[in-house]
Structures are given as C-alpha cells and as structure tokens.
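Colleague: In my numbering, the protein residues as written are 21 to 411.
Ideal Cβ positions, reconstructed from N, Cα and C, are used throughout, including at glycine.
Remember, predicted model here, so these are calculated numbers, not experimental data.
Below you'll find the structure I mean.
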Amino acid sequence: MESSVLRNGSYPETMQDILFLNRSLRSMKSCRVFSRMLRFILLPMLLSFAASTVVGDPPQAEEETPSVSVRSLETKPETRVSEEVAQLIADLGSPEFGRRQAAVATLRDAKDQQLQEICQVLETGTESESARRIIEVLELRYEQAALNSDDVRITSEALEKSAHSERWFVSETARDVLDRHWRRRTEIAVVELVSMKVPLSPLDPTELWKQTPDAPPQMFGQADPTSSRHLKIYIDKNWPGNDRAFELLRRLDSLQTESFMTQPRLVSIYLIDGHPLAIEQVAILKGTFGDTQIAERGRVCLGVLNEPRFGVEEGILVGSVQKGSSADAAGISSGDLIVAMNGKKLTDFDQLVTQLRSFDVGDKIMLHIRSSGLQDEGGSRSVEVTLKGWH
21 MESSVLRNGS YPETMQDILF LNRSLRSMKS CRVFSRMLRF ILLPMLLSFA ASTVVGDPPQ
81 AEEETPSVSV RSLETKPETR VSEEVAQLIA DLGSPEFGRR QAAVATLRDA KDQQLQEICQ
141 VLETGTESES ARRIIEVLEL RYEQAALNSD DVRITSEALE KSAHSERWFV SETARDVLDR
201 HWRRRTEIAV VELVSMKVPL SPLDPTELWK QTPDAPPQMF GQADPTSSRH LKIYIDKNWP
261 GNDRAFELLR RLDSLQTESF MTQPRLVSIY LIDGHPLAIE QVAILKGTFG DTQIAERGRV
321 CLGVLNEPRF GVEEGILVGS VQKGSSADAA GISSGDLIVA MNGKKLTDFD QLVTQLRSFD
381 VGDKIMLHIR SSGLQDEGGS RSVEVTLKGW H
C-alpha cells in the first residue's frame, strides 16, 4: 500500500478523492458534530477500501532514500533553525523515554524565538509522533498564556497555519485543538481586532461568557443584541483595508456554530453604508455566519429591538432599548409603540430601517409614539430624536 501510494510523490485517484472528502467535511461549519462523526467513521472505511482497491505493479527494489532529519532541513532557508532547536526536535522523536520527556519540558518553556522556529519545522515537516507532541505543548501554551501576550499570539498562528497544513494528521490535530478551545480562539481574535481599532462591543471578550441571571429566556436561538453577552461588530467606512482583519473576523465562526440550536446566537455583524467589503467578502460572511446574523444598515442607529407581533400591521413594538442610544436619550422605553416617523405611518421594522438609511449622524427626526398599555390616541406623544451612529 505504502509503495503504491507514495511512488513518484503522488496519490492514486482513490486517495485523492478521500483527501478531498476530508476537506469538504471539515468545511461543514453549521453541522460540526455530524462532520466529525463522518470523518472518524466514514473515512477509516474508505481508507480500508482504498487499501484493497489500489492496483499497481509489484513494489520494485529501489535504493533506500535516507529520511530527512531536522538537521538536514537547516540547509533550506525557509526551515533554518538553531542547533538547540534542531536537537530538541530530534529528542522529541527519540526512542528513549527520558529524552522525550526532557524535550517536552524544554518545549513548554521555550522562548518566543525558539517557539517560532519550532512552529516553522512543524509546518515544513517532521515525524508524525514528534508533530503530535509539539501540538500538545502548543495547546497547553495556547490555553494558559496571557491573552494579549506574544506567546499566545505565536502559538495561535502556529495552530491556525497547521489547521490548513497539507499533512492530514497535522491539520486534523490542530483543527481539533481549535475546535475544543473555541472560546479562547474567539477571545484572541477579538483582542487583536480591538487593537486594530475595529468598532465592536463588548471590548472585553470575556463578557461574552458571563451569566446574567435576570436575563429573560430566549427561544429558538433568538438573541438580544443589546446584551453584553452578544458580540456586535460594525463594519463601516473605517474598516481596516487589509486581509488580516477579515481573517480574524472569520475566526469568530464558532460564536455561530457552537450555539447552533442550543442557545441564542452570540454574534451579529452590521454592514454600515459605505463599508469597503467586496461582494465576494460579504458572501463569505453570510456563508460563515448565516444571513440572519449579517445586517445591512444605514449610518445611524435608533437603538431599539423590535418585539415581533403576529397579525398586526401597525407600528413597531419596542422590545428593548440599548443604553446610550438615540432612543434611550429620547426617553423611548420597552413597550412603546412607534406608529409614525416624520408624519409617515410605519407598518413594520423593515420600513423603519429603510427610512433611517436616508439620514446621517446628528440629524433629527420626529417619532409618533403610543405609550405602553395605552391603545387610544389620547395616550400618544411625539418625540424628537437626535440620531447617533452605531458606535
């Protein structure tokens, strides 16, 4: 099997199909549990089938090609490492238990430069057993290092790159680490986005995991965007014009997939008029987070959450009001019914959103409101609202 698969450095068509299937399964973000089940049950069956169907000439006697050691990798500019790191990698693959344990202990305390070199070797190639031990130590440092430290930044990038490695064992092991520590991955991404001046809330990602005992129950994944347990990202004209910010944004996908069918969604992304994202990038975001979590809005924010009403085609019932928002400053509260804006009747929330897109920050509007519990015209009032931005 090995000689048939690896001869001439290529895989037979059956193995190529299996590798393609694995990558396809790994991309099934919204059904991660189902994806894992298929990868670990179906793939071994296909590998067994491949072993029985690969047909080729009998293995020919060939000159034995010496394995490439870490020390020989030093001759390549992209994999040059220090003597100390080369010896450390060699010890990780040693048959002597004591040397392996000592190497693991050294790796746990490796300095930033050494860690970068070790991660470089992991990307370019080392024995599977040594790679496994390296990833285990990276996971430990990934979990325990300070959130804004160079250590966590280096280990994070090493795991992210390894998750896209062409080496199946390395990519699957690294991906599993990132999946199990999805909250840590989210925190690291949010901290870097904040350092890039990306407007989002809350600025402290640990707020997302705090329990709020007085919060009302949410049904069918309905989220409260005004809550600090809901990450809100605003992509406006000042969005960083580089690929790094977009890559960090995609690393937040677990906020959508991990809460799928179990709890309210933990992220909303607002595309503000004038944002620089291309159509293809918007499509990627919708494919990653879902259409319902990507909202296109104008430059101003009223700051109210609509309370759905069935069979009623009059006004917008305010479910909650965001603190510090335009509506909050104007005295609008939960239970109020917004029936008109600037003299024009409103029938639903979408109509309100559409009309607001014609205004800019600082503009004033007049809202006609029927107060909570008062259904007749005598309980209505007009409120002037000075419109604010999203952040």
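Put Thr-312 into one of helix, strand or coil per three-state DSSP.
Modeller: In this structure, Thr-312 counts as helix in the three-state DSSP scheme.
Colleague: Which residues in the same chain as Ala-122 place their Cβ atom closer than 7 Å to its Cβ, once the five residues preceding and following it in sequence are excluded?
Modeller: Excluding sequence neighbours, Ala-122 sits near Asp-111.
Colleague: Assign Met-21 to one of two classes, buried (16 or more other C-beta atoms within 10 Å of its C-beta) or exposed (fewer than that).
Modeller: Residue placement at Met-21 cannot be trusted, given a pLDDT of 42 that sits under 50; what the coordinates show is reported in the next sentence. That one is exposed.
Colleague: Quick one: what's got a C-beta closer than 8 Å to Leu-407's C-beta in the same chain, skipping five residues either side?
Modeller: The residues are Val-320, Cys-321, Leu-322, Ser-346, Leu-376, Phe-379, Asp-380, Val-381, Gly-382, Asp-383, Lys-384, Ile-385.
Colleague: Nearest-angstrom Cα distance between Ile-208 and Val-405?
Modeller: When rounded, the distance between both Cα atoms is 38 Å.
Colleague: Please report how far the alpha carbon of Ala-151 lies from the alpha carbon of Arg-187, in whole angstroms.
Modeller: Using only the alpha carbons, I get a separation of about 11 Å.
Colleague: Is the beta carbon of Leu-291 less than 9 Å from the beta carbon of Leu-251?
Modeller: Contact flag unset, no.
Colleague: Within the same chain, show all residues whose beta-carbon is closer than 7 Å to that of Glu-316, passing over the 5 residues directly before and after it, in chain order.
Modeller: Answer for Glu-316: Leu-291, listed in chain order.
Colleague: Specify the secondary structure class of Ile-352 as computed by DSSP and reduced to three states.
Modeller: Coil, per DSSP.
Colleague: Got a sec? Which residues, its chain only, sit under 6 Å from Val-210 by beta carbon, not counting five neighbours each side?
Modeller: For Val-210, where only same-chain residues beyond five positions count, the Cβ hits under 6 Å are Pro-225.
Colleague: Using DSSP's beta-bridge definition, name the partner residues of Val-324.
Modeller: DSSP output for Val-324 lists Val-341 as bridge partner(s).
Colleague: Using DSSP with H/G/I as helix, E/B as strand and the rest coil, what is Ser-185?
Modeller: Looking at Ser-185 - three-state DSSP - the assignment turns out to be coil, as it is neither helix nor strand.
Colleague: Measure the beta-carbon distance from Ile-155 to Leu-127 and round it to whole angstroms, keeping in mind my assumption that it falls under 8 Å.
Modeller: Wrong, their Cβ atoms sit about 11 Å apart, outside the cutoff.
Colleague: Arg-285 bridges to which residues according to DSSP?
Modeller: Answer by DSSP bridge pairing: none, since Arg-285 is not bridged.
Colleague: Output needed for Thr-175: all residues of its chain with C-beta closer than 6 Å, excluding positions within five of it in sequence on either side, in chain order.
Modeller: Closer than 6 Å at Cβ, skipping near neighbours: Leu-158, Arg-161, Tyr-162.
Colleague: Who are the Cβ neighbours of His-295 in its own chain at under 7 Å, not counting the five residues just before and after it?
Modeller: Around His-295: Ile-255, Asp-256, Lys-257, Trp-259.
Colleague: When you compare only the Cα positions, how much space is there between Glu-104 and Ser-248?
Modeller: Cα-Cα distance, rounded: 47 Å.
Colleague: Got a sec? Which residues, its chain only, sit under 6 Å from Arg-195 by beta carbon, not counting five neighbours each side?
Modeller: Same-chain partners within the cutoff: Ala-183.
Colleague: Is Ala-360 helix, strand or coil when you go by DSSP?
Modeller: In this structure, Ala-360 counts as strand in the three-state DSSP scheme.
Colleague: Less than 8 Å between the CB atoms is what I'm expecting for Ile-336 and Asp-368, so what's the real figure, rounded?
Modeller: Contact flag correct, Cβ pair sits at about 7 Å.
Colleague: Just to check my reading of the structure: Phe-266 and Gln-313 have Cβ atoms closer than 8 Å, yes? What is that Cβ distance to the nearest angstrom?
Modeller: 16 Å between Cβ atoms; not a contact.
Colleague: Let me make sure I understand the geometry here. Which of Glu-333, Val-403, Val-172 has the alpha-carbon closest to that of Leu-198?
Modeller: When each option's Cα is compared against that of Leu-198, the closest is Val-172.
Colleague: Compute the distance between the beta-carbons of Ile-253 and Leu-228, then report whether it is under 9 Å.
Modeller: No.
Colleague: Less than 8 Å between the CB atoms is what I'm expecting for Ile-289 and Leu-305, so what's the real figure, rounded?
Modeller: Confirmed, about 6 Å.
Colleague: Cα-Cα, which of Ala-130, Ala-125, Pro-115 is closest to Glu-149?
Modeller: Checked all of Ala-130, Ala-125, Pro-115; the closest Cα to Glu-149 is Pro-115.
Colleague: Which word fits Arg-200, buried or exposed, when buried means at least 16 other C-beta atoms lie within 10 angstroms of its C-beta?
Modeller: Exposed.
Colleague: When the Cα atoms are used, what is the spatial distance from Gln-342 to Leu-268?
Modeller: So the alpha carbons of these two residues sit roughly 26 Å apart.
Colleague: Measure the C-alpha to C-alpha separation of Asp-132 and Val-287 and round it to an integer number of angstroms.
Modeller: C-alpha separation (whole angstroms): 33 Å.
Colleague: Lys-384 bridges to which residues according to DSSP?
Modeller: Paired residues: Thr-406.
Colleague: Could you compute how far the alpha carbon of Leu-325 sits from the alpha carbon of Val-332?
Modeller: Going from the Cα of Leu-325 to the Cα of Val-332 covers about 17 Å.
Colleague: Suppose only complete runs of 4+ residues qualify. What are the alpha helix (DSSP H) ranges in the region 166-213, listed by chain order?
Modeller: Counting whole runs of 4 or more residues, the region 166-213 contains the alpha helix (DSSP H) stretches 170-182, 188-200.
Colleague: I'd like to confirm something about Val-190: is its beta-carbon nearer than 8 Å to some heavy atom of the ligand SAM, or not?
Modeller: Here there are no bound small molecules, and the ligand SAM is not part of this structure.
Colleague: What are the boundary residues of the alpha helix (DSSP H) that Leu-372 is part of?
Modeller: Here the alpha helix (DSSP H) through Leu-372 covers 369-376.
Colleague: What do you reckon, are the CB atoms on Gly-355 and Ser-391 nearer than 9 Å?
Modeller: Yes.
Colleague: Kindly say whether Ile-292, judged by its beta-carbon, lies nearer than 9 Å to any beta-carbon of chain D.
Modeller: Among the chains of the structure shown, chain D does not appear; only one protein chain is present.
Colleague: May I have the straight-line CA-CA distance separating Ile-299 from Asp-293, to the nearest angstrom?
Modeller: For Ile-299 and Asp-293, the distance between alpha carbons rounds to 13 Å.
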